[in-house]
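Inspection log for the structure reproduced underneath, given as structure tokens.
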Amino acid sequence: WFWGPIVTLQDCLAAFFARDELKGDNMYSCEKCKKLRNGVKFCKVQKFPEILCIHLKRFRHELMFSTKINTHVSFPLEGLDLQPFLAKDSPAQIVTYDLLSVICHHGTASSGHYIAYCRNNLNNLWYEFDDQSVTEVSESTVQNAEAYVLFYRKSSEEAQKERRRISNLLNIMEPSLLQFYISRQWLNKFKTFAEPGPISNNDFLCIHGGVPPRKASYIEDLVLMLPQNIWDNLYSRYGGGPAVNHLYICHTCQIEAEKIEKEEKLNWKFLFGSTEHSKKRTLQLLSIASVCSGLENGKVL
Numbered sequence: 001w002f003w004g005p006i007v008t009l010q011d012c013l014a015a016f017f018a019r020d021e022l023k024g025d026n027m028y029s030c031e032k033c034k035k036l037r038n039g040v041k042f043c044k045v046q047k048f049p050e051i052l053c054i055h056l057k058r059f060r061h062e063l064m065f066s067t068k069i070n071t072h073v074s075f076p077l078e079g080l081d082l083q084p085f086l087a088k089d090s091p092a093q094i095v096t097y098d099l100l101s102v103i104c105h106h107g108t109a110s111s112g113h114y115i116a117y118c119r120n121n122l123n124n125l126w127y128e129f130d131d132q133s134v135t136e137v138s139e140s141t142v143q144n145a146e147a148y149v150l151f152y153r154k155s156s157e158e159a160q161k162e163r164r165r166i167s168n169l170l171n172i173m174e175p176s177l178l179q180f181y182i183s184r185q186w187l188n189k190f191k192t193f194a195e196p197g198p199i200s201n202n203d204f205l206c207i208h209g210g211v212p213p214r215k216a217s218y219i220e221d222l223v224l225m226l227p228q229n230i231w232d233n234l235y236s237r238y239g240g241g242p243a244v245n246h247l248y249i250c251h252t253c254q255i256e257a258e259k260i261e262k263e264e265k266l267n268w269k270f271l272f273g274s275t276e277h278s279k280k281r282t283l284q285l286l287s288i289a290s291v292c293s294g295l296e297n298g299k300v301l
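Under full-length UniProt numbering, the first residue of the sequence shown is numbered 1, with each subsequent residue one higher.
Shown next as structure tokens:
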């Protein structure tokens, strides 16, 4: 029995992003000169996602049959470095990832069973999910798994420190006469993303800076109120906005909504008329349909 070389996830990524020389029978057609030219084809990443999903090709499909590739691919639990695959002009600052979850397939190309390993962020322990069964497992169990799909999350110690700092400020909250409203959607990004981006309150504001009438009934589900010192800290670091310390239903949008509603009622009335007229018209149509049906069947009505 001979052991082959260890295949790592970094090897797979390097092969995926490898430059491909276009020459000989594989030359490319130049759009400018309309001739076949030698060239090099390659790809780089301009922007990395918060959650990176890596799908390993475990199944090979031929013309007559399919096979499963059981080669073990070694993958890191922490510190997956994607810097080699980043475009030179990319603005990305965080390029390392920590493993979040793994999907495994047990079986053959024609049948099998899926399980998943997931890390609990609260206690940093790993668990195996096998249908209804959930079992705690060791890190070595996860690392020895035959991975099919890998989920990685951007890792940033700086982002974690910032979240702890804001949490501490909330615990020692100072009295503040001025309160600011902030998007719960953006706050969720702040709590979970390594790079939440600029503050965006546009999910609960209209283009005029007020609350759209249709969102007024559930505005509390969209916003959270923060004291000024917390808002100032977040705004100075992430920017964005706009700053909102007063919520009001937009008068312009309200007028526009009422106008649209009025037009819809007029259109409805024009098309179908009053209720009584609609009933009479329906009866007339039914009578005509009945007469036509009788004539088709050779009956005299």
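Backbone N, C-alpha and C fix where the C-beta goes; we use that ideal spot for every residue, glycine too. Predicted, not measured: the structure shown is a model, and the values here were computed from it.
- Message: I'd like the list of long-range same chain contacts for residue 82, defined as Cβ closer than 6 Å, with 5 residues on each side in sequence excluded.
- Response: Locating residue 82 in the sequence shown gives position 82, counting from the first residue. These residues qualify, in order along the chain: 95.
- Query: How would you write the range of the alpha helix (DSSP H) that residue 35 sits in, first residue to last?
  - Reply: Counting from one through the sequence shown, the residue named residue 35 turns up at place 35. First-last for residue 35: undefined, no H or E at that position.
- Query: Can you tell me whether residue 112 is buried or exposed, with buried defined as 16 or more other CB within 10 angstroms of its CB?
  - Reply: The residue labelled residue 112 in the question sits at position 112 within the sequence shown. It is exposed - the Cβ of residue 112 has fewer than 16 other Cβ atoms within 10 Å.
- Message: Cutting at 8 Å between CB atoms, please list the residues of its own chain near residue 242, excluding the five before and the five after it.
- Response: As a working note, residue 242 is residue 242 in the sequence shown. Correct list, in chain order: 201, 205, 209.
- Item | Cβ contact check for the segment 178–189 and the segment 64–81: 3 or more pairs under 8 Å | Taking 8 Å as the limit for Cβ pairs, the verdict is that the segment 64–81 does not touch the segment 178–189.
- Just tell me which of 214, 261, 224, 9 has its CA closest to the CA of residue 250. Your numbering for residue 250 matches position 250 in the sequence shown. It is 214 whose Cα lies nearest to the Cα of residue 250.
- Using beta-carbon positions only, say whether residue 136 and residue 150 come within less than 8 Å of one another. Within the sequence shown, numbered from 1, the residue matching residue 136 stands at position 136. Within the sequence shown, numbered from 1, the residue matching residue 150 stands at position 150. No, the pair does not count as a contact, with Cβ atoms beyond the cut-off.
- Task: Assign residue 134 to buried or exposed, taking buried as 16 or more other Cβ atoms, counted over all protein chains shown, within 10 Å of its Cβ.
- Result: Taking the first residue of the sequence shown as position 1, residue 134 is located at position 134. The residue in question, residue 134, is exposed, as its Cβ has fewer than 16 Cβ neighbours within 10 Å.
- Item | Burial state of residue 327, where buried means 16 or more other Cβ atoms lie within 10 Å | Any answer about residue 327 is impossible in this case: the structure gives the chain only from 1 up to 301.
- Message: One question on the structure: do residue 197 and residue 189 come within less than 8 Å of each other, judged by their Cβ atoms?
- Response: Position 197 of the sequence shown, counted from the start, is the residue given in the question as residue 197. Position 189 of the sequence shown, counted from the start, is the residue given in the question as residue 189. It is a contact, given that the beta carbons lie within the stated cut-off.
- Message: Buried or exposed for residue 37, going by 16 or more other Cβ atoms inside 10 Å?
- Response: As a first step, residue 37 must be located in the sequence shown, where it is residue number 37. The residue is exposed, with fewer than 16 neighbouring Cβ atoms inside 10 Å.
- Query: Mapping DSSP to helix, strand and coil, what is residue 246?
  - Reply: By 1-based counting over the sequence shown, the position of residue 246 is 246. Residue 246 falls in the coil class under three-state DSSP.
- Task: Flag this pair as yes or no: are the beta carbons of residue 178 and residue 228 separated by less than 8 Å?
- Result: As a first step, residue 178 must be located in the sequence shown, where it is residue number 178. As a first step, residue 228 must be located in the sequence shown, where it is residue number 228. Yes, Cβ-Cβ distance for residue 178 and residue 228 is below 8 Å.
- Task: Put residue 307 into one of helix, strand or coil per three-state DSSP.
- Result: Past the edges of the chain, shown from 1 to 301, lies residue 307, and the structure says nothing about it.
- From the DSSP output, in three-state form, read off residue 8 for me. Taking the first residue of the sequence shown as 1, we reach residue 8 at position 8. Strand.
- Would you list, in sequence order, the uninterrupted beta strand (DSSP E) runs of no fewer than 3 residues that lie entirely inside the UniProt domain "USP" (1–155)? Here the runs fully enclosed are 20–22, 39–41, 51–55, 59–61, 66–68, 96–107, 112–119, 126–130, 133–137, 147–154.
- Would you mind listing the beta strand (DSSP E) stretches within the segment 192–234 that are 3+ residues and don't spill past its ends, in chain order? Taking only runs of at least 3 residues, the beta strand (DSSP E) segments lying wholly in the segment 192–234 are 223–227.
- Can you list, in chain order, the residues of its chain whose CB lies under 8 Å from that of residue 120, leaving out five sequence neighbours each side? By one-based count along the sequence shown, residue 120 stands at place 120. Answer for residue 120: 126, 127, listed in chain order.
- Relative to the C-alpha of residue 72, which residue among 58, 64, 63, 85 is closest? As a position in the sequence shown, residue 72 is number 72, starting the count at 1. Residue 58 holds the alpha-carbon nearest to the alpha-carbon of residue 72 among 58, 64, 63, 85.
- Task: May I ask you to list the residues that DSSP assigns as paired with residue 180?
- Result: The sequence position of residue 180 within the sequence shown is 180, counting from 1. Within the DSSP secondary-structure output, residue 180 pairs in a beta bridge with 226.
- Expressed to the nearest angstrom, what Euclidean distance is found between the alpha-carbon atoms of residue 41 and residue 6? Mapped onto the sequence shown, residue 41 falls at position 41. Mapped onto the sequence shown, residue 6 falls at position 6. Per the coordinates, the alpha-carbon of residue 41 lies some 28 Å from the alpha-carbon of residue 6.
- Query: Would a C-beta distance cut-off of 8 Å place residue 147 and residue 56 closer than the cut-off?
  - Reply: As a first step, residue 147 must be located in the sequence shown, where it is residue number 147. As a first step, residue 56 must be located in the sequence shown, where it is residue number 56. A contact, by the Cβ cut-off of 8 Å.
- Give the single residue among 219, 110, 10 whose Cα lies nearest to the Cα of residue 66. Within the sequence shown, numbered from 1, the residue matching residue 66 stands at position 66. Residue nearest to residue 66 within the set 219, 110, 10 is 110 (criterion: CA-CA distance).
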